[in-house]
Amino acid sequence: MIIRKATISDIPQILSIYNYEVLNSSSTFDTRPKSTEDFLKLFDMHSYKYPIYVVEDGTNSIIGYGYLSPFSDKEGYSITVEDSIYIHHLHRGKGIGKMLLKFLIQKAREKGFKNIIAKICAENQPSLNLHKSLGFVEVGKLYSVGYKFNRYLDVIILQLNL
Ligand SMILES: CC(C)(COP(=O)(O)OP(=O)(O)OC[C@H]1O[C@@H](n2cnc3c(N)ncnc32)[C@H](O)[C@@H]1OP(=O)(O)O)[C@@H](O)C(=O)NCCC(=O)NCCS
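Numbering (full-length UniProt numbering), first residue to last: 1 to 162.
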């Protein structure tokens, strides 16, 4: 298993992992599947300072991906990033998410960021546990800010001070 920078040719596999979540879970509040063009834009926004990383298994299949993003486009927030992480639904519970989040935390430290924020749907217990297991602390909760699958959803905010 290796973690490497994503390339544009990885988009179909990344898209398939993400769109599964869009259609089947509240881990993302997107409600309609994304297109290749959408992900080309995401790649454009994640160049040098914020690359997208993929986890590849021994057969060159992508089984997860993740990246850091600016917390805000206002300059004063430039010390703070947000993380995003998605593991293929057939490859969960094997430590891959933890490996990738540890890697992103390390990259954030190397780049001199001071905080990582995670905004996680309150019903996404696996992601809450994953982040807390690596030191993220719950700092707030937003009530009924999301709406998907005919229900209102809360969001928990976690912070890792680096
Ligand atoms: C959240 C997610 C990234 C976890 O990845 P994973 O590879 O399955 O997680 P790991 O096997 O590395 O487990 C790491 C920790 O997460 C927690 N965890 C993982 N699966 C869990 C589950 N089903 N229930 C509760 N906690 C769970 C545990 O704390 C675990 O630590 P431990 O093994 O020391 O107990 C994965 O479930 C996923 O991609 N979900 C859909 C997308 C998503 O929710 N992304 C995050 C958006 S905020």
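Cβ atoms here follow ideal geometry from the backbone N, Cα and C, with glycine treated the same way.
Any heavy atom of ligand 1 closer than 6 Å to the CB of residue i?
{"i": "residue 51", "result": "no"}
{"i": "residue 24", "result": "no"}
{"i": "residue 148", "result": "no"}
{"i": "residue 65", "result": "no"}
{"i": "residue 70", "result": "no"}
{"i": "residue 12", "result": "no"}
{"i": "residue 106", "result": "no"}
{"i": "residue 124", "result": "yes"}
{"i": "residue 40", "result": "no"}
{"i": "residue 140", "result": "no"}
Using a threshold of 7 Å, state whether the C-beta atoms of residue i and residue j are closer than that.
{"i": "residue 180", "j": "residue 29", "result": "In the structure as shown, the chain starts at 1 and stops at 162, and residue 180 therefore has no counterpart that could be examined."}
{"i": "residue 135", "j": "residue 101", "result": "no"}
{"i": "residue 72", "j": "residue 82", "result": "no"}
{"i": "residue 155", "j": "residue 145", "result": "yes"}
{"i": "residue 127", "j": "residue 120", "result": "yes"}
{"i": "residue 3", "j": "residue 103", "result": "yes"}
{"i": "residue 54", "j": "residue 6", "result": "yes"}
{"i": "residue 113", "j": "residue 62", "result": "no"}
{"i": "residue 24", "j": "residue 33", "result": "no"}
{"i": "residue 130", "j": "residue 97", "result": "yes"}
Give the DSSP-derived three-state secondary structure of residue i in the structure shown.
{"i": "residue 17", "result": "helix"}
{"i": "residue 47", "result": "coil"}
{"i": "residue 31", "result": "coil"}
{"i": "residue 60", "result": "coil"}
{"i": "residue 76", "result": "helix"}
{"i": "residue 84", "result": "strand"}
{"i": "residue 9", "result": "helix"}
Just confirm the distance between the C-beta atoms of residue i and residue j, as a whole number of angstroms; I'd bet it's less than 8 Å.
{"i": "residue 158", "j": "residue 118", "result": "5 Å"}
{"i": "residue 66", "j": "residue 84", "result": "6 Å"}
{"i": "residue 77", "j": "residue 21", "result": "Actually they are not in contact, since the Cβ atoms of residue 77 and residue 21 sit about 26 Å apart, beyond 8 Å."}
Alpha helix (DSSP H) runs contained entirely in the stretch 93 to 122, provided each spans 4 or more residues = 96 to 110
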